[in-house]
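Asker: For the sequence shown, the working numbering begins at 2 and goes up steadily by one. Pasting a structure below so you can have a look.
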Amino acid sequence: MIGYHFTGKDDLIREVVAEVPARGREYMEPRIRAASSGLEMLRAYIESNLSFMGNIETT
């Protein structure tokens, strides 16, 4: 199935390296921007990062 979408292992890895951070940014950025102080922004960053990493779809 993977071979259908990617030409090889390197192609797959490149896609993962590009896609995961982009999705993380989409998930985390609104939460961080909603914070009203630097400390709240840091907290939002940490909490949303952990939440995102804990909920990444593996299928």
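C-beta: ideal position from N, C-alpha, C; glycine also. Please read these numbers as outputs of a predicted model, since none were measured by experiment.
Hey, could you find the ends of the alpha helix (DSSP H) F53 is sitting in?
Answerer: What you label residue 53 is simply residue 52 of the sequence shown in a count that begins at 1. That run of the alpha helix (DSSP H) goes 39 to 55.
Asker: Can you tell me the Cα-Cα spacing of Y5 and N56, whole angstroms?
Answerer: Along the sequence shown, read from residue 1 onward, the residue named residue 5 stands at position 4. Along the sequence shown, read from residue 1 onward, the residue named residue 56 stands at position 55. Going from the Cα of Y5 to the Cα of N56 covers about 26 angstroms.
Asker: Check each candidate in M54, M42, R24 and name the one with the smallest Cα separation from R32.
Answerer: By 1-based counting over the sequence shown, the position of residue 32 is 31. Comparing Cα positions, the closest option is M42.
Asker: Consult DSSP for G25 and reduce its assignment to one of helix, strand or coil.
Answerer: Within the sequence shown, the letter at position 24 stands for residue 25. Helix.
Asker: With a Cβ-Cβ cutoff of 8 angstroms, do E16 and F7 count as a contact?
Answerer: Walking along the sequence shown from the start, residue 16 turns up at place 15. Walking along the sequence shown from the start, residue 7 turns up at place 6. Yes.
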